[in-house]
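**Student:** Chains as they are written, first to last, in full-length UniProt numbering: chain X, 1 to 591; chain V, 1 to 591. One structure is given below, represented as structure tokens, and several questions about it will come after.
In structure tokens, the structure reads:
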């Protein structure tokens with residue numbers, strides 16, 4: 001056996017060594033990193049090991065990149081996105097949500113006729129014989145198809161976190177992608193009115209508060225019934241209600257004057273009707289606005305309005321019971337684009353949701369940028385276009401008739417919300433103070449020693465790592481037979497690993513091993529680490545990891561208080577909190 | 001405010017009521033549920049509320065189903081699959097794995113020329129202008145593309161759990177799908193030899209032991225270098241090595257006689273060379289087999305063999321240190337199909353991996369079934385075909401040259417493993433004793449009362465639920481203004497919710513609420529529940545949930561011991577263990 005360990009030391013074969021320096025020339029450094037293309041300079045013979053060169057095929061002729069409007073996720077970005085997913089999933093489960101998974105493509109016929117004009121954005125699969133399929137455009141239509149196929153499911157709270165596809169013009173930095181995640185929670189089934197609708201708003205609050213957005217988001221709320229009632233009372237012809245509704249929906253992007261112009265000039269609405277609408281749709285408020293509208297005799301006489309009033313009245317009552325009304329704005333300008341909503345509609349906005357300048361006012365000064373645009377044409381990313389905002393970060397509403405489009409007469413009423421993960425991500429990424437760790441390893445196992453007789457202790461490091469893994473402790477060590485201590489510390493620091501376990505011949509002979517918490521200040525009593533008994537290894541390590549986690553949580557909480565609003569946090573002394581945690585009774589370590 | 005709560009009770013509007021009975025007629029009940037197509041009978045007017053009928057569109061003309069070879073996941077299946085994902089992810093993170101996410105489609109050129117004959121199985125996107133793209137076929141090529149694009153990443157342990165796509169003949173029940181999950185862990189970078197290769201085997205063991213498969217899986221292990229060495233020593237011409245290797249790879253599906261026939265008759269190998277190969281490739285063992293081969297002077301003189309020997313010698317040594325050698329079988333018949341492997345190769349098999357009968361021996365008796373097949377043709381699912389096994393449940397190996405196919409000369413050596421989740425799932429699903437719960441709700445909030453004055457306590461139930469959610473307790477209640485107690489219990493039982501919180505007017509007046517653990521035996525002292533103080537609500541609930549979880553874990557563990565092998569578990573008394581847990585000191589509840 002020993003012979004193999006010696007073999008290990010000798011067997012760093014040159015054929016595994018790679019050329020130490022390789023040159024590449026990015027063609028366009030201004031492009032986002034993910035789209036840069038590398039042209040490999042012709043190999044310099046002195047850099048290349050012949051064995052490798054023989055195996056290496058020629059560099060491909062085409063640009064190595066991901067398709068337009070898509071990107072890879074890795075490193076700190078991936079960690080942050082996973083955290084967002086976990087926060088949201090946790091909320092969904094808290095409310096009894098169950099998850100489903102549907103295929104990434106659906107029969108083309110399933111998606112047909114569901115998205116109106118936007119159908120042109122659907123990705124089709126090539127006809128390679130067999131069925132014609134398209135990539136899903138959202139998670140709502142597949143959910144409706146699922147419910148239509150599973151007649152035994154008459155009630156479900158389902159969540160679904162998955163990618164959807166739209167051949168749209170991308171704005172990568174703002175999180176507008178062709179492949180992007182949606183994160184949907186829907187309550188399907190026939191219930192007493194407005195209870196699930198209110199729970200959805202409670203869920204929206206829990207999600208954004210869970211993400212640390214307290215006070216930084218607004219849940220815009222309206223009802224299709226109220227909106228339609230207003231249009232009817234104002235005298236909009238029945239056939240014009242949806243087009244006029246679409247125009248109203250643009251009030252978050254353009255001023256009323258422009259919307260009015262669209263109504264009158266493009267959609268042929270009588271100016272006096274537009275003006276009457278204008279009096280209503282600028283109104284915002286809470287329950288007070290509802291009460292104000294209820295006093296309007298003309299509105300109160302409209303049947304659609306009466307239904308809308310009853311809905312909203314119940315909704316506000318339930319929101320109080322759920323303690324979920326604080327961030328809600330009853331906003332008569334909210335109309336939502338999709339046709340299938342039938343009741344309450346929601347949209348969550350935050351700073352950056354609206355464009356910095358409206359498209360109309362940007363027109364005048366856009367001559368220069370238009371010329372620039374002309375060059376790259378449709379392919380240009382619109383991340384820096386001030387007329388493109390991040391848009392809403394979540395949106396949804398009640399849609400009682402969609403399932404019936406598949407099942408025929410069996411209607412399953414639904415209400416739901418879809419969180420725009422990529423947009424939420426780009427906002428959080430931009431405001432991120434602390435760099436996320438790339439991996440979750442808690443312990444780096446190292447060997448200490450030097451000189452001619454230093455074996456590198458690979459066998460011992462492997463055995464220690466195996467013991468840690470057996471105890472479900474996340475651990476790594478350097479894949480090197482004789483590693484330098486310095487390189488081992490460097491590897492641990494690069495990943496922010498909190499603890500080092502350092503093996504030395506002398507300590508091992510005494511049945512001991514050194515544990516060292518990384519990043520302690522110079523004057524800390526444990527800066528140089530502590531010797532612990534090898535026989536209690538996993539327990540000693542677990543206790544320290546647990547203690548550190550508790551401390552980190554306290555510090556993070558305190559820093560969170562400090563950041564949010566900058567008011568609440570002023571009295572919080574992070575160090576003091578940390579010390580309280582350190583002296584706590586729950587976790588005790590004998591030194 | 002009170003007025004709205006009264007409104008709630010009155011406002012169960014008839015327009016929300018659906019037809020109480022709806023008929024449907026499955027066209028083919030023998031088809032799997034997910035593919036049944038429902039033809040809705042023409043509506044019976046007496047069943048349909050006119051308001052709903054107006055909104056409901058006609059039933060679609062096409063079959064409502066998922067595309068061929070794909071399926072929805074929901075309910076207990078989804079819960080089990082999520083558990084498998086969690087187990088595997090936990091292992092990956094324990095070893096310092098970080099995850100990446102790549103687009104579901106890649107530029108067509110990226111996938112071209114990577115999969116040999118199987119390229120015909122790639123799904124292409126339709127040409128809708130712009131780039132030509134294809135759905136990914138595996139996660140390995142996108143990983144290599146990712147490494148080639150991110151030159152700053154020279155070392156990474158990455159995992160990736162995502163769907164891949166193959167236009168193959170599906171066998172749904174055996175987990176052979178056109179859309180299926182792969183679950184990959186790869187260690188990329190230049191390290192001292194065989195350390196990461198050994199850690200991959202340790203990871204395979206941790207995954208299958210984590211899934212409860214102790215003693216029920218075998219990690220077949222071989223090295224391309226040893227295999228090529230054998231072929232060279234036996235006298236296989238250089239150009240025939242890969243085709244002969246492919247023939248050897250079929251030894252898990254057909255007997256040696258058939259493989260020999262293929263070599264000699266189809267691939268033109270001299271019979272005496274085939275016979276010489278036959279002597280080697282039937283060999284299986286552990287380190288003893290390696291030692292036996294090393295003594296063979298002819299083999300020992302071959303340079304590829306020498307490299308293979310050195311690799312395997314180190315590997316067995318490291319496996320000992322990792323305590324990971326017990327389930328390994330050094331198997332000279334393992335060859336793996338893909339061309340890109342350059343060193344060690346792995347394949348994990350279990351009962352059901354191999355087909356029940358070989359294709360050759362099935363030929364004779366297949367006349368009848370052939371006729372049957374002819375009817376459905378290519379569209380038939382092969383789940384019941386005895387010549388189709390589940391196949392390997394995980395496979396991988398070392399591929400040192402793949403990244404270079406994209407980056408030109410920059411090689412990043414890699415070794416990795418891919419777990420076949422859908423196959424693992426179908427095996428675990430078939431052996432599943434206990435039904436999984438569909439959701440994770442811990443508390444169902446109910447109202448008790450009756451008679452004319454019973455309000456249903458919706459406001460109180462909402463407020464209690466909100467308090468539970470605030471404390472991160474998973475809770476639900478019935479979306480009904482005046483629910484029957486019986487229906488509330490039925491809803492809680494349907495989802496296996498462990499606790500009921502029951503509100504009553506009298507108890508509320510005393511500041512109390514009843515908590516009842518569901519499913520207690522008739523004679524249990526707490527069968528009728530306990531009254532707890534409303535002001536300590538969340539704490540009292542949390543303590544009970546925690547205690548129940550600990551108990552369940554002990555019972556599960558004990559049942560696991562009983563199931564595995566049936567030997568270890570015989571002395572374990574589940575009830576006794578559960579009682580020990582119940583009386584434990586950690587969690588104390590004052591009654």
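Where is the CB? At the ideal position from N, CA and C, for every residue including glycine.
Can you tell me which of X:188, X:62, X:199, X:296 puts its alpha carbon nearest to the alpha carbon of residue 314 (chain X)?
**Tutor:** X:199
**Student:** Just to confirm the assignment, what range does the alpha helix (DSSP H) spanning residue 417 (chain X) have?
**Tutor:** Looking at the DSSP string, residue 417 (chain X) is not in any alpha helix (DSSP H); the run it does join, the beta strand (DSSP E), is 414–420.
**Student:** Would you kindly work out how many angstroms separate the C-alpha atoms of residue 669 (chain X) and residue 335 (chain X), rounded to a whole number?
**Tutor:** Outside the shown range of chain X (1 to 591) lies residue 669 (chain X), about which nothing can therefore be said.
**Student:** Which same chain residues, not among the five before or five after residue 304 (chain X), have their C-beta less than 6 Å away from its C-beta?
**Tutor:** 225, 228, 229
**Student:** How would you list, in chain order, the residues of chain X whose beta-carbon sits under 7 Å from the beta-carbon of residue 141 (chain V)?
**Tutor:** Per Cβ cutoff of 7 Å: no residues; residue 141 (chain V) is ~12 Å from chain X at best.
**Student:** Identify each residue in the stretch 457–475 of chain V for which the Cβ-Cβ distance to at least one residue of chain X is less than 7 Å, and report them in chain order.
**Tutor:** From the stretch 457–475 of chain V, only 459, 462, 463, 466, 469, 472, 474 have a Cβ closer than 7 Å to chain X.
**Student:** Shorter than 7 Å from the beta carbon of residue 107 (chain V) to some beta carbon of chain X?
**Tutor:** For residue 107 (chain V), the closest Cβ of chain X is nearer than 7 Å.
**Student:** Mapping DSSP to helix, strand and coil, what is residue 218 (chain X)?
**Tutor:** strand
**Student:** In chain order, what residues of the same chain lie with their CB nearer than 8 Å to the CB of residue 84 (chain V), ignoring the 5 residues before and after it?
**Tutor:** Excluding residues within five positions, the ones whose Cβ falls inside 8 Å are 211, 421, 424, 425, 428.
**Student:** Using three-state DSSP, classify residue 353 (chain V) as helix, strand or coil.
**Tutor:** When DSSP states are grouped into helix, strand and coil, residue 353 (chain V) belongs to the coil group.
**Student:** Which whole-angstrom value is the C-beta distance of residue 324 (chain X) and residue 205 (chain X), which I expect to be below 8 Å?
**Tutor:** 5 Å
**Student:** Between the stretch 397–411 of chain X and the stretch 504–524 of chain X, can you find at least three pairs of beta-carbon atoms closer than 8 Å?
**Tutor:** no
**Student:** Please list the partners that residue 74 (chain V) has in chain X, where partner means a Cβ-to-Cβ separation under 7 Å.
**Tutor:** 100
**Student:** Which value, in whole angstroms, describes the spacing of the CA atoms of residue 282 (chain V) and residue 332 (chain V)?
**Tutor:** 7 Å
**Student:** Name, please, each residue of chain V whose Cβ falls closer than 8 Å to the Cβ of residue 86 (chain X).
**Tutor:** What residue 86 (chain X) touches in chain V: nothing, since even the nearest Cβ is about 12 Å away.
**Student:** Taking residue 94 (chain V) as the query, report the chain X residues whose CB atoms sit under 9 Å from its CB, ordered along the chain.
**Tutor:** 440, 441, 468, 469, 472, 473, 474, 475
**Student:** Do you know offhand how far residue 460 (chain X)'s Cα is from residue 321 (chain V)'s?
**Tutor:** 8 Å
**Student:** Buried or exposed: which applies to residue 185 (chain X), given that a residue is buried once 16 or more other Cβ atoms fall within 10 Å of its Cβ?
**Tutor:** buried
**Student:** What residues from chain X crowd round residue 124 (chain V), counting only those whose CB sits closer than 8 Å?
**Tutor:** The contacting residues are 125, 126, 128.
**Student:** If you draw a straight line from the C-alpha of residue 347 (chain V) to the C-alpha of residue 248 (chain V), how long is it?
**Tutor:** Take the alpha-carbon of residue 347 (chain V) and the one of residue 248 (chain V): they are about 14 Å apart.
**Student:** Skipping 5 residues on each side, what residues in its chain have a beta carbon closer than 8 Å to that of residue 566 (chain V)?
**Tutor:** Note on residue 566 (chain V): pLDDT 32, under 50, position unreliable in the model; the coordinate value appears next. Here the set comprises nothing.
**Student:** With DSSP run on the structure shown, which of helix, strand or coil describes residue 283 (chain X)?
**Tutor:** coil
**Student:** Once you ignore the five residues that flank residue 245 (chain X) on each side, which residues in its own chain have a CB closer than 6 Å to its CB?
**Tutor:** 335
**Student:** Buried or exposed: residue 72 (chain V), going by 16 or more other Cβ atoms within 10 Å of its Cβ?
**Tutor:** buried
**Student:** In angstroms, rounded to a whole number, what distance separates the CA positions of residue 202 (chain V) and residue 462 (chain V)?
**Tutor:** 50 Å
**Student:** Looking at the ligand ATP, does it come within less than 6 Å of residue 216 (chain X), judged from the CB to the closest heavy atom?
**Tutor:** For the structure depicted, the ligand ATP is absent and the ligand set is empty, with no information on it obtainable.
**Student:** Strictly under 7 Å for the Cβ-Cβ distance: is residue 321 (chain V) near chain X by that measure?
**Tutor:** yes
**Student:** So, using beta-carbon positions, are residue 529 (chain X) and residue 548 (chain X) closer together than 7 Å?
**Tutor:** no
**Student:** Assign residue 264 (chain X) to one of three DSSP states: helix, strand, or coil.
**Tutor:** helix
**Student:** Using a Cβ cut-off of 9 Å, pull out every chain X residue sitting near residue 196 (chain V), in sequence order please.
**Tutor:** 479
**Student:** Output yes or no for whether 7 Å exceeds the beta carbon distance between residue 501 (chain X) and residue 443 (chain X).
**Tutor:** yes
**Student:** Taking the continuous beta strand (DSSP E) assigned at residue 476 (chain V), which residues delimit it?
**Tutor:** 475–477
**Student:** If you draw a straight line from the C-alpha of residue 517 (chain X) to the C-alpha of residue 450 (chain X), how long is it?
**Tutor:** 22 Å
**Student:** Find the nearest neighbour of residue 66 (chain V) within the set V:178, V:193, V:470, judged by alpha-carbon distance.
**Tutor:** Checking every option, the nearest Cα to that of residue 66 (chain V) belongs to V:178.
**Student:** Where are the beta strand (DSSP E) runs, 3 residues long or more, that stay fully inside the stretch 482–551 of chain V, in chain order?
**Tutor:** Taking 3 residues as the shortest admissible run, the stretch 482–551 of chain V contains the following complete beta strand (DSSP E) segments, listed from N- to C-terminal end: 499–504, 512–517, 530–533.
**Student:** For my contact list, residue 397 (chain V) and residue 308 (chain V) are in at a C-beta cut-off of 8 Å; report their separation, rounded to the angstrom.
**Tutor:** Wrong, their Cβ atoms sit about 13 Å apart, outside the cutoff.
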